[in-house]
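Asker:
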Amino acid sequence: MDINYMYKNIKKYISDSIIVTDSEGNIEDVNPQTEKSWNYSCDELLRLSIGQLFLLDDNFQGVFENTKSKYVIALKTWMGELIAVDKNKKTFRLEVIVCPTLDEFTKIIKYILICKDVANTHGLIHDLEEKDKKLRESYEALSNVQLSMIQEDKMANIGQLSAGIAHEINNPLGFIISNFGTLEKYIDKLFLIINSYKNLINSFKTEGFSEEAIERLNKEERKVDLDFITSDIVELFKDTEDGIERVRKIVVAMKNFAHSTVEGEFQQYDINEGITQTLVIAKNELKYNATVEVMLGEIPFVQAQGNEINQTILNIIINASHAIKEKQQKIDPNFFGQLTIKTYCENDYVSCVIEDNGTGIPKEVQNKIFEPFYTTKPIGKGTGLGLSIAYDTIVNKHRGKLEVESTLGIGAKFTIKLPILLEKEDEGVTNE
């Protein structure tokens, strides 16, 4: 292809200004974009020199030799930003590349200037920065919404379980209060016996030893049933201590469950302990509908947002309980469910399997259950957020796996897999 033809096409269609000068900086050729940028005609430009198109600063002057003209550039390519002046004395900023052209004796014979409109570049950069800012703001807003949804789902679960949790607290509180009432009566009787002992001691001091006084004391001991009181007090304190411990466990479990994890806060987490605390919260939800079998293996701690894993486990347990209840209502009122939870370590993952024998999940919807707002429950019975939040927690945040197997009418099995070694470059989390 003819080189002149190529040059003419480049001059005609390139969006940058092209200026060709002689060795002294006098303009010899320009392209249409140069005419447009400086508002000169081609003929007018050919009568000008480079120094009349730019406000040449000291940096640019430094690359010129003064042998022929102060505008003649030294033997090297120059690149930088310059302020240009158009025909109407209006200034604008350009990014300029100046390339010397040499003859066979390495003598400069021409200069080629390629000028790019910096305003457009700066404008694009500004637009990109604005878009990046808006994207970050959108991401932050989305993260806040997601955290809010997680918290709302958590509170919804607590709301569903609140009556049962209150019942689980009221039971031990009831016998604790009853025990204290009994202890109060025992103490009154013990004070009577203590006073009788004091009287007996005083009578010994004044009247000496008396079989009759000893017999009166023995009658009083039999009357208040002292032997039974002394043995029963031990049992009452033991039962009371057990009741207080049950309440404490519920309060601790509720506190840990309701606690909002700081975004990105990963800590050492024991999934066995998480299951134990979650079952404390869900106990009343399950005990009238299913037996619970727990098989916790010897597994290592993992780096995790513990309360969010607990929320995932609770969501799955509640769904299992609802499936068992639905089977009772629709198929067999005498049906009593079975919930099995087991943990084990396999292939670099800590796994938790939660399996029920409820209604199961239809095959055609199993690939939809992790989608936000998808639910098979009646209106008002579910938000459709629980399993989608669970999936996001396990898969996206913890780089784990959340798998489901189900046969309609037989039951469902959910498997949570958390990596033992968690590497999250984007959040700087490493478990070593």
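Note that the numbering used here has the sequence shown beginning at 744, numbered continuously upward. Note that CB positions come from ideal geometry on N, CA and C, so glycine has one too. This structure is a prediction, so every number in the text was calculated from the model and none was measured.
Considering just the uninterrupted stretch of the beta strand (DSSP E) at residue 1083, what are its terminal residues?
Answerer: Here the beta strand (DSSP E) through residue 1083 covers 1080-1089.
Asker: Tell me whether the stretch 1155-1165 and the stretch 1085-1100 touch, counting them as touching only if at least three CB pairs, one residue from each stretch, are closer than 8 angstroms.
Answerer: Yes, they touch.
Asker: In chain order, what are the residue ranges of uninterrupted beta strand (DSSP E) at least 3 long that sit wholly in the stretch 1027-1111?
Answerer: Taking only runs of at least 3 residues, the beta strand (DSSP E) segments lying wholly in the stretch 1027-1111 are 1033-1039, 1045-1047, 1080-1089 and 1092-1099.
Asker: Quick one: any contact between the stretch 952-960 and the stretch 909-929, if contact means 3 or more CB pairs under 8 angstroms?
Answerer: They do not touch, by the three-pair rule.
Asker: In chain order, what are the residue ranges of uninterrupted alpha helix (DSSP H) at least 4 long that sit wholly in the stretch 918-998?
Answerer: Entirely contained in the stretch 918-998, the alpha helix (DSSP H) runs reaching 4 residues are, in chain order, 954-967.
Asker: If you check the beta carbons only, do residue 1055 and residue 1136 fall under 8 angstroms apart?
Answerer: Yes, the Cβ-Cβ distance between residue 1055 and residue 1136 is below 8 angstroms.
Asker: CA-CA distance, residue 838 and residue 821?
Answerer: Near 11 angstroms, if we compare the C-alpha coordinates of residue 821 and residue 838.
Asker: Please confirm if the stretch 845-852 is in contact with the stretch 745-762, defined as three or more CB-CB distances below 8 angstroms between the two stretches.
Answerer: No: fewer than three Cβ pairs fall under 8 angstroms.
Asker: Quick check: what's the CA-CA separation for residue 1177 versus residue 860?
Answerer: No information on residue 1177 is available, as it lies outside the stretch 744 to 1175 that the chain covers here.
Asker: I need the straight-line Cα distance from residue 784 to residue 855, nearest angstrom please.
Answerer: If you take the alpha carbons of residue 784 and residue 855, they lie about 19 angstroms apart.
Asker: Taking residue 824 as the reference, give the member of 830, 840, 879 and 831 with the closest Cα.
Answerer: Ranking the options by Cα distance to residue 824, first place goes to 840.
Asker: With a 10 Å radius around its C-beta and 16 neighbouring C-beta atoms as the bar for buried, classify residue 878 as buried or exposed.
Answerer: Its Cβ having fewer than 16 others within 10 Å, residue 878 is exposed.
Asker: With DSSP as the reference, label residue 780 as helix, strand or coil.
Answerer: Reduced to three states, the DSSP call for residue 780 is helix.
Asker: DSSP puts residue 1180 in a beta bridge; with which residues?
Answerer: Here the chain has residues from 744 to 1175 only, and residue 1180 is not among them.
Asker: How many Å lie between residue 1145 and residue 1138 at the Cα?
Answerer: Between residue 1145 and residue 1138, the C-alpha separation is close to 7 angstroms.
Asker: Is residue 962 buried or exposed, if buried means 16 or more other CB atoms sit within 10 Å of its CB?
Answerer: With fewer than 16 Cβ atoms within 10 Å of its Cβ, residue 962 is classed as exposed.
Asker: Just to confirm my understanding: we take residue 876, look at its own chain, exclude 5 residues before and 5 after, and list those with CB closer than 7 angstroms. What are they?
Answerer: Around residue 876: no qualifying Cβ.
Asker: When the distance is taken between beta carbons, is residue 1012 closer than 8 angstroms to residue 1047?
Answerer: The answer is yes: Cβ separation under 8 angstroms.
Asker: Alpha carbon to alpha carbon, how far is residue 1014 from residue 998? Give it in angstroms, no decimals.
Answerer: Rounded to the nearest angstrom, the two C-alpha atoms are 17 angstroms apart.
Asker: What is the DSSP secondary structure of residue 838, reduced to helix, strand or coil?
Answerer: In this structure, residue 838 counts as strand in the three-state DSSP scheme.
Asker: In whole angstroms, what is the alpha-carbon distance linking residue 938 and residue 951?
Answerer: Their backbone Cα atoms lie some 18 angstroms apart in a straight line.
Asker: Buried or exposed: residue 752, going by 16 or more other Cβ atoms within 10 Å of its Cβ?
Answerer: Burial call: exposed.
Asker: Let me check understanding here. Comparing Cα to Cα, which of 1009, 942, 1150 and 1067 lies closest to residue 1034?
Answerer: The shortest Cα separation from residue 1034 among 1009, 942, 1150 and 1067 belongs to 1067.
Asker: Mapping DSSP to helix, strand and coil, what is residue 758?
Answerer: Residue state, collapsed to three classes: coil.
Asker: State yes or no: is the C-beta of residue 936 within less than 8 angstroms of the C-beta of residue 1043?
Answerer: Taking 8 angstroms as the Cβ cut-off, residue 936 and residue 1043 do not qualify as a contacting pair.
Asker: Would you mind stating whether residue 986 and residue 1084 have Cβ atoms separated by less than 8 angstroms?
Answerer: Against a cut-off of 8 angstroms, the Cβ pair of residue 1084 and residue 986 comes out as no contact.
Asker: Within its chain, find whatever has a CB closer than 8 angstroms to the CB of residue 1017; leave out the 5 residues flanking it on each side and keep chain order.
Answerer: These residues qualify, in order along the chain: 1049, 1052, 1053 and 1056.
Asker: For residue 806, does the three-state DSSP call read helix, strand or coil?
Answerer: Low local confidence applies: a pLDDT of 45 at residue 806 is under 50, so the model's placement there is unreliable, with the coordinate-based value given in what follows. Looking at residue 806 - three-state DSSP - the assignment turns out to be coil, as it is neither helix nor strand.
Asker: Compare the beta carbon distance of residue 777 and residue 762 with 8 angstroms and say whether it is the shorter of the two.
Answerer: Contact: yes.
Asker: Compare the Cα-Cα distances from residue 931 to each of 873, 968, 949 and 982 and report the closest residue.
Answerer: Closest by alpha carbon: 968.
Asker: Can the beta-carbon of residue 1151 be found less than 8 angstroms from the beta-carbon of residue 1076?
Answerer: It is not a contact, given that the beta carbons lie outside the stated cut-off.
Asker: Out of 791, 929 and 941, state which residue places its alpha-carbon closest to the alpha-carbon of residue 975.
Answerer: Checking every option, the nearest Cα to that of residue 975 belongs to 929.
Asker: Can you tell me the Cβ-Cβ gap for residue 1029 and residue 1064, rounded? I've got them flagged as a contact below 8 angstroms.
Answerer: At roughly 6 angstroms, the Cβ-Cβ gap stays under 8 angstroms, so residue 1029 and residue 1064 are in contact.
Asker: If you reduce the DSSP assignment to three classes, tell me which class residue 1123 lands in.
Answerer: Only weak support is given to the placement of residue 1123: the predicted model assigns it a pLDDT of 49, under 50, and the value that follows is read from those uncertain coordinates. Reduced to three states, the DSSP call for residue 1123 is coil.
Asker: Roughly how many whole angstroms lie between the Cα atoms of residue 1062 and residue 1082?
Answerer: For residue 1062 and residue 1082, the distance between alpha carbons rounds to 11 angstroms.
Asker: To the nearest angstrom, how far is the alpha carbon of residue 1069 from that of residue 870?
Answerer: If I take the Cα positions, the gap works out to 56 angstroms.
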